[in-house]
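Numbering (the numbering used here), first residue to last: 144 to 481.
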């Protein structure tokens, strides 16, 4: 679904009418987390999560972390719930065999870059990753899941929408109250320009929590689009951000259609989109997440724009990661040293 406007603006009666349901939602999660002792894995776990429903840029951050960890000699692996797919797992994702309908679109993107498992119950998959030789687990989402103990919890926040109207689902976008979520975090990443004042809000609630700025930068497919007539579509958390990216790189945008996040394109929809692009004498363009949700026959007909997370203070963020991994450098692990 698309996020209702009142989640961001707080305008109208709905935030107030739905406030009791939001309180119950937040309280239920808090009780579950207080009663659950997270499983401590035999390898470090880095969680890249958020406090709101919808896309904030978690997956590009997870991919960047995996690249850095691999460069340092570690063997990273991804663990995700597989949202949007019907498989419960634990299952190792094979992009050559599995589709988005089975494992979800984000799992396919992760699997294209490194070993990836999906599991509805994430703790049940940890032993699978360890048996496969994974030395550090990157949890894509899962900040609210108490089943696993995290060595490093990173929260990604969209700089434009921030924490929305400050209310829990369904009255607002929050998965839990901001203060409670920040209390379990080790760092916050503000993705894009901080128009919502996320940094100030975090400082007021958790003064010692480091806040890093980052942005999503097109990494592939951009040079060929500069000055080209394009017809674009996207079914992501905020489709308009993809539209803005295309305009920023100089594409001649002839048309754009937005769809709900994780939208599964039917054959008829794909044919319509490709037909509209052809009628506009334009190149059909979409995101990497959308491509894997297209019918197989349509995937070769679209151009994909990929993005990567770039940090304002890369050295500082790398130092945070290195510090979290340091206790695991000793053969006996973090809790058994002399």
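We put the beta carbon where it would ideally sit given N, CA and C, even for glycine.
- Across the set 399, 281, 413 and 307, the C-alpha of 307 shows the shortest separation from the C-alpha of residue 341.
- Taking C-beta atoms as the reference points, residue 199 and residue 452 fail to come closer than 7 Å.
- Taken through DSSP and simplified to helix, strand or coil, residue 296 comes out as strand.
- Just so you know, the alpha carbons of residue 211 and residue 220 end up roughly 12 Å apart.
- Classified as exposed, residue 240 has fewer than 16 neighbouring CB atoms from the shown chains inside 10 Å of its CB.
- Annotated three-state conformation of residue 320 is coil, per DSSP.
- Residue 228 and residue 467 have their C-alpha atoms some 32 Å from each other.
- As DSSP reads the structure, residue 358 sits in a beta bridge with 453.
- Three or more beta-carbon pairs separated by less than 8 Å link the stretch 343 to 359 to the stretch 321 to 335, which places the two stretches in contact.
- The C-beta distance from residue 282 to residue 325 rounds to 18 Å, too long to meet the 8 Å contact threshold.
- When C-alpha distances from residue 255 are compared across 421, 431, 461 and 194, the shortest belongs to 431.
- Taking C-beta separations shorter than 7 Å and ignoring five residues to either side along the sequence, the partners of residue 233 in its chain run 260, 262, 267, 268 and 271, following chain order.
- Around the beta carbon of residue 253, a 10 Å sphere encloses 16 or more other beta carbons of the protein chains shown; the residue is thus reported as buried.
- Straight-line spacing of the CA atoms in residue 471 and residue 148 works out to 44 Å.
- With a cutoff of 7 Å on beta-carbon distance, residue 165 and residue 314 are scored as near each other.
- In the structure shown, residue 374 falls within a strand segment according to DSSP collapsed to helix, strand and coil.
- Of the residues 374, 159, 298 and 218, the one whose Cα lies closest to the Cα of residue 190 is 298.
- Spanning the alpha carbons of residue 296 and residue 151 requires a straight line of approximately 25 Å.
- Looking from the CA of residue 423, the closest CA among 402, 411 and 395 belongs to 395.
- The beta carbon of residue 186 sits closer than 7 Å to those of 273, 277, 278, 279 and 280, all from its chain and outside the five residues before and after it, given in chain order.
- Separation of residue 429 and residue 383 (C-alpha to C-alpha, rounded to the nearest whole angstrom) is 12 Å.
- Going by beta carbons, residue 303 and residue 265 fall outside the 7 Å limit.
- Taking 8 Å as the upper bound for CB-CB distance, residue 413 and residue 441 are in contact here, some 4 Å apart.
- A direct Cα-to-Cα measurement between residue 167 and residue 174 gives close to 10 Å.
- Here residue 192 is near residue 284, since their CB atoms are less than 7 Å apart.
- Under the rule that a run must span 4 or more residues, the alpha helix (DSSP H) segments found entirely inside the stretch 263 to 289 read 269 to 274.
- Taking the Cα positions, residue 246 is about 7 Å away from residue 236.
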